[in-house]
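Structure first, then comments.
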Amino acid sequence: MLHLPWWGNTLAAFLLTHLSIISVTLYLHRHKAHRALSMNPALSHLFRAWLWLTTGIITREWIAVHRKHHARVESCDDPHSPQQVGILSVLFGGLLLYRRAARDSKTLRKYGFDAPNDRIERGLYTRFPNFGLVLMLAIDLIVFGPLAGAIIYAVQVIWIPFWAAGVINGLGHYLGYRNYEVGDASRNIVPWGLLVGGEELHNNHHAFPQSARFSTRWFEIDLGWIYLKLLNQLRMTKIHRIQPIMEARLATHPCDKATLQAFLVNRFEILAEYAQHVVSNVVHEERLHMFHRERRQLMRQAGHLMRTETLGLNPRADNQLQKALSLSPKLQTVYQMKQQLQNIWTRSTDSSDVLVHQLEDWCRAAEHSGIQALEGFSERLRTYRLVKV
Numbered sequence: 016m017l018h019l020p021w022w023g024n025t026l027a028a029f030l031l032t033h034l035s036i037i038s039v040t041l042y043l044h045r046h047k048a049h050r051a052l053s054m055n056p057a058l059s060h061l062f063r064a065w066l067w068l069t070t071g072i073i074t075r076e077w078i079a080v081h082r083k084h085h086a087r088v089e090s091c092d093d094p095h096s097p098q099q100v101g102i103l104s105v106l107f108g109g110l111l112l113y114r115r116a117a118r119d120s121k122t123l124r125k126y127g128f129d130a131p132n133d134r135i136e137r138g139l140y141t142r143f144p145n146f147g148l149v150l151m152l153a154i155d156l157i158v159f160g161p162l163a164g165a166i167i168y169a170v171q172v173i174w175i176p177f178w179a180a181g182v183i184n185g186l187g188h189y190l191g192y193r194n195y196e197v198g199d200a201s202r203n204i205v206p207w208g209l210l211v212g213g214e215e216l217h218n219n220h221h222a223f224p225q226s227a228r229f230s231t232r233w234f235e236i237d238l239g240w241i242y243l244k245l246l247n248q249l250r251m252t253k254i255h256r257i258q259p260i261m262e263a264r265l266a267t268h269p270c271d272k273a274t275l276q277a278f279l280v281n282r283f284e285i286l287a288e289y290a291q292h293v294v295s296n297v298v299h300e301e302r303l304h305m306f307h308r309e310r311r312q313l314m315r316q317a318g319h320l321m322r323t324e325t326l327g328l329n330p331r332a333d334n335q336l337q338k339a340l341s342l343s344p345k346l347q348t349v350y351q352m353k354q355q356l357q358n359i360w361t362r363s364t365d366s367s368d369v370l371v372h373q374l375e376d377w378c379r380a381a382e383h384s385g386i387q388a389l390e391g392f393s394e395r396l397r398t399y400r401l402v403k404v
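Numbering (the numbering used here), first residue to last: 16 to 404.
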C-alpha cells in the first residue's frame, strides 16, 4: 500500500484519469472510429485493456455510436444531440444516452465494423464488461488504501462519462466558437485542448472528421496530436490523414483542376476565409458609412448571421438578414456571391471541366464586382493548390 500525501493522491488520480482520456481520444476516436492512424498492436491492446478496467467500454459499441453521431448529426437519430434532447440531458446524462444507443443492434451492425474480434475481446472484454471495473476497484483499494482508493476510483469512474459523454458531446454542440460553417451545431469549447486531450476542438473535428489532428489555428493546442507525434517518432503509430493543407502558387493563374481540387477538398477552410476577409471587411466598411445606431447594429448582426446561416435561421433572424441586405447593395452582392460559391460545391458530381469553368466564371464575376475584398479573395483563390503531406 502506498502512503501518499493528499497532493500525491491527487496527482495519481489525475494521471490515471488522463490515461483514460488519452485512451479514448487516440485509440477509440482517432484510431478505431475514424481510422486516421494505425497503431502498434501492443499499444492498441494496452489502451483497450485500460478502458475495460476504468470504463467498461466495449470498442465496437463506442465506435458504432460515434459513427452514427457523425452520420445523423443533429437529427432525431443522433444518439446525443443537445439540439434534440437539451443540453442538460447530454451534459449530465450522456452516459445514459450512450448506453441506450449502444443497445441498438441495428446501429452496431451498420456502424460497428472493423472492431476488435479476437479471443480476448469475445471471451473477456465483451462478455464481462463490468468485471474490469470491479478489478480496478480492488487495485485502487490495495494500492492507495480504503479511503484514498475509494475516492480515486470514484473519480476514475465518473471522469469519462462526464468529460467525454457529457461535456464534449454536450457543450461541444452548444457553447464555444466556430472556425468552420459545417452543417451542424458543433463548436470548439476552448482553443486549448489539454484537459480532454484535444477533444475540446469539436468544430474542427466535425469539419475534418478523418484527420488525426484536431487543431487548425496557430493558437489552438491539441494535446492528443502532441502525443501522436511522439508515438509516431517512436514508430508506435502511423498517421494516415490530417486536414488538407493549401499553398498559394507564386503567380495568379486561371482556375485549373489543381485549383478545383483545393476548392472542393478544403471548402470549409475557404468558406472560413471568405467570412473573415470578405464578409467581415465589407460589414466593417458599410458600418462606417451609417449614421444611425440601429442600422450599424443591424449590419453587425447581419455579418454574424451570414456566418451561421448553415445552421438554419429562424424567421426573426432571417428577417433581420434580409433587412440588412436591403440597406447595403454591397453586402447583398457579397451574400449572393457566397451562395453561388456554395452552389458549385453542391454540384461536385458534375465533370471536372464543367466545375473548373464555373469556378473561373465566379472568379471573374468577383473581380468585376467593384468590391475590393471580393476581388482580393478571388485572386487568392486562383492561386490555391493542395500540398501533399
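Glycine is no exception: its CB is placed at the ideal position from the N, C-alpha and C atoms.
Computed from a predicted model, the values in this text were never measured in an experiment.
| Check | Outcome |
| --- | --- |
| Residue burial classification, residue 192 (beta-carbon count within 10 angstroms, cutoff 16) | exposed |
| Nearest to residue 59 (by Cα), restricted to the options 74, 69, 70 | 74 |
| Closer than 7 Å: residue 168 CB and nearest the ligand SAH heavy atom | No copy of the ligand SAH occurs in the structure displayed, which carries no ligand at all. |
| Residue from 378, 82, 20, 89 with nearest C-alpha to residue 224 | 82 |
| Presumed contact (8 Å Cβ cut-off) between residue 180 and residue 110, rounded CB distance | 5 Å |
| Paired residues, beta bridge with residue 208 - DSSP | 237 |
| Residue 48 vs residue 72 beta-carbon contact at 8 Å | no |
| C-beta contact flag for residue 275 and residue 396 at 8 Å | no |
| Integer Cβ distance of residue 37 from residue 318, believed to fall under 8 Å | So it is not a contact: roughly 39 Å between Cβ atoms. |
| Residue from 323, 367, 372, 329 whose Cα sits closest to the Cα of residue 350 | 323 |
| Residue nearest to residue 113 in terms of C-alpha spacing, selected from 185, 291, 301 | 185 |
| Three-state secondary structure assigned by DSSP to residue 197 | coil |
| Reference residue 70; option with closest CA among 20, 168, 24 | 168 |
| Secondary structure of residue 31, DSSP reduced to three states | helix |
| Where residue 121 sits in the DSSP three-state scheme | helix |
| Rounded C-alpha distance that separates residue 257 from residue 316 | 34 Å |
| Residue 333, buried or exposed, once every other Cβ within 10 Å from all chains shown has been counted against 16 | exposed |
| Beta-carbon proximity list for residue 170, same chain, < 7 Å, skipping 5 on both sides | 28, 32 |
| Simplified DSSP state of residue 402, which is helix, strand or coil | strand |
| Spatial distance of residue 209 from residue 146 (CA atoms) | 30 Å |
| Short Cβ contact (8 Å threshold) for residue 24 with residue 251 | no |
| Assigned secondary structure, residue 257 (DSSP; H/G/I helix, E/B strand, else coil) | coil |
| Own chain residues within Cβ distance below 6 Å of residue 320, not counting five before or after | 332, 336 |
| Contact the region 80-100 vs the region 139-153: 3+ CB pairs below 8 Å | no |
| Three-state secondary structure (DSSP) of residue 189 | coil |
| Range covered by the alpha helix (DSSP H) that runs through residue 52 | It is not in any alpha helix (DSSP H) - residue 52 instead sits in the beta strand (DSSP E) that spans 52-54. |
| Exposure label - residue 228; buried when at least 16 CB within 10 Å | buried |
| Nearest-angstrom Cα separation, counted from residue 98 out to residue 306 | 38 Å |
| Bridge partners - residue 216, DSSP secondary structure assignment | 203 |
| Best match in 394, 380, 386, 277 for proximity to residue 367 [C-alpha to C-alpha] | 277 |
| Local conformation of residue 263 per DSSP, three classes | strand |
| Nearest residue (CA-CA) to residue 20, options 132, 160, 265, 149 | 160 |
| Selection from 297, 327, 80, 117 that minimises the alpha carbon distance to residue 429 | Since the first residue of the chain shown is 16 and the last is 404, residue 429 is not available in this structure. |
| Beta-carbon proximity check, residue 299 vs residue 392, cutoff 8 Å | no |
| Residue range of the unbroken alpha helix (DSSP H) whose run includes residue 368 | 367-382 |
| N- and C-terminal bounds of the alpha helix (DSSP H) containing residue 357 | 344-361 |
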